[in-house]
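These notes are about the structure you will find just below.
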Amino acid sequence: MDMDAFYAAVEELDHPEFRGKPVIVAGPAPRGVVATASYEARKFGVRSGMPTVKAQRLCPQGIFLPPRFERYEEKAREIRAILQLYSPLVEPISLDEAFVDLTGTELLHGPPEKVAEDIHKRIPKETGLSCSVGLGPNKLLAKMASDSAKPGGLRIVRPEEVQSFLDPLPVEELWGIGPKTAARLAEKGIRTVRDLREVSLSLLCSWFGQKGGEALWRLARGIDEDPVVPVREAKSISHETTYPADLFDPVEIAAEVRRLAFLVADRLREEKLLAQTVQIKVRFSDFTTLTRQTKLPEPTDHPILLAAEAAGLLSRVKIPVDQGVRLLGVGAADLFPARFQPLHLFVDAKLGEALHQIREKFGPEFPKFSGASPR
DNA sequence: TCTGGGGTCCTAGGACCC
DNA sequence: TCTGGGGTCCTAGGACCC
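Note that the first sequence covers residues -12 to 362 in the numbering used here.
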């Protein structure tokens, strides 16, 4: 199940005066990008991922709105609750998309075809938002079926129809084939799924490696054994910011890294997790991007420890003289449930706890990251 | 036109060990 | 003195998805 132009549709729901107009939910120009464009806006060529400034040029009469994620999350919860009436196996892919495993639900809810129709009618009726639904023998085909039904449709792909459904599609419509892989395939004259299916497994592996080749071979045949998994453990948590203007002051850059590390610490604590790996990401004016990571002796959620590690990683990065810093990011990986109190051998655990409580009470802008604090 | 923020998974090279 | 082959862990980068 995949919601149609979800963020834009929620805005139209909340602002009836916007309905039928080109609504574009986007980060602010000049550096923002389009998150979702309504179908009305798509007529002008506006697409998600497109820089906001370009969307403004293509569609000057567009209604440009900043995202309101909390509101979208509210609607997403309503939608998930509906899906969960039909199966306990609901796997959200994002706020606006989810897999529902209907295996074995027939006695309770009737045949999957009927359930798909039910969901397709019920979600718009109960949430006021349009959705597309795809039914297939596995996740790959359900996903591709719903894509082919957009907007507002329902598509059923039965096992015997799999190849005739996939064959005429361009390879880039396969879930997992992006622009790079599509371009490499096009160089070899492979444009449709049928073309791809005619390439032998061994040739694909010689081009894309063992795993890559096998993945393409299976995609072309609609083979997918991935189970529907209702709850996945997070593998990493991160925060990153693209600055309205590039940063040049090393003191300010370091202060920003510490601020982001504190945000990551907040989230680790909220989710009751400890991290043993700290990562930073730096993107320069020319868009070159690098990452540094390090493994800690023990997992932690301590804001000062995490900030110190992140700052240490930053000190390993040589910022070219002609480059400013466009983006900074801090991430945590190697996550463990915080079942036991971490040892915190070197930094007072009570200080970390106090910082967490201050930020809970007064907000994440505390303490001030002036850039003046020493490293 | 100039490229967000949050993720996942894969590859490749080097260190280290047996 | 110089040498294999395999495995694991760590790090950096890249492709892809929403």
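Quick reminder that beta carbons are idealized off the backbone N, C-alpha and C, glycines included.
Looking at the DSSP output, V269 bridges to L277 and L315. Assignment of C46 by DSSP, reduced to helix, strand and coil, places it in the coil class. Here DSSP, grouped into helix, strand and coil, assigns T92 to coil. Taking a 10 Å sphere around the C-beta of Q48, we find fewer than 16 other C-beta atoms and assign the residue as exposed. Spanning the alpha carbons of F152 and Q266 requires a straight line of approximately 42 Å. For W162, same chain residues with a beta-carbon under 7 Å away, outside a window of 5 residues either side, are L127, K130 and M131 in chain order. In the structure shown, the three-state DSSP call for K112 is helix. In the structure shown, Q310 adopts coil according to DSSP, grouped into three states.
DSSP places Y230 inside the beta strand (DSSP E), whose first and last residues are S223 to L234. When the Cα atoms are used, E160 and I224 turn out to be separated by approximately 29 Å. At the C-beta level, A28 and G19 stay beyond 8 Å of one another. Around the beta carbon of K167, fewer than 16 other beta carbons sit within 10 angstroms, so the residue counts as exposed. Beta-bridge analysis with DSSP links E78 to F86. Under the three-state reduction of DSSP output, Q150 falls in the helix class.
One alpha carbon belongs to G91, the other to D211, and they sit about 19 Å apart.
Residue pairing by DSSP puts D(-11) in a beta bridge opposite E84 and S119. DSSP places T168 in no beta strand (DSSP E) but in the uninterrupted alpha helix (DSSP H) bounded by P166 to E174. In the DSSP assignment, R18 falls outside any beta strand (DSSP E), carrying neither H nor E. Under the three-state reduction of DSSP output, K137 falls in the coil class, being neither helix nor strand. DSSP places F56 in the uninterrupted alpha helix (DSSP H) bounded by F56 to L70. In the three-state reduction of the DSSP assignment, K41 falls in the helix class, which pools H, G and I.
Around the beta-carbon of D(-11), 16 or more other beta-carbon atoms lie within 10 Å, marking it buried. Taking a C-beta distance under 8 Å as the contact criterion, E201 and L188 qualify as a contact pair. Taking all protein chains shown into account, E113 has fewer than 16 neighbouring C-beta atoms within 10 Å of its C-beta and is therefore exposed. By the CB criterion at 8 Å, D154 and R178 fall outside the cutoff.
In the structure shown, the three-state DSSP call for K282 is strand. For Q310, the CB contacts under 7 Å within the same chain, skipping 5 residues up- and downstream, are F271, S272 and D273 in chain order.
In this structure, E296 lies away from L314, with their beta-carbon atoms at least 8 Å apart.
Closest option to V40, judged by alpha-carbon separation, among S25, V21 and Y26: V21. When DSSP states are grouped into helix, strand and coil, L128 belongs to the helix group.
Using a Cβ distance threshold of 8 Å, R346 and F353 count as a contacting pair. In this chain, the alpha helix (DSSP H) harbouring A297 covers P290 to S302. For R208, the enclosing alpha helix (DSSP H) has its first and last residue at L188 to R208. Pairing L234 with L203 gives a Cβ-Cβ distance that is not under 8 Å.
The three-state reading of DSSP puts A341 in helix, counting H, G and I together.
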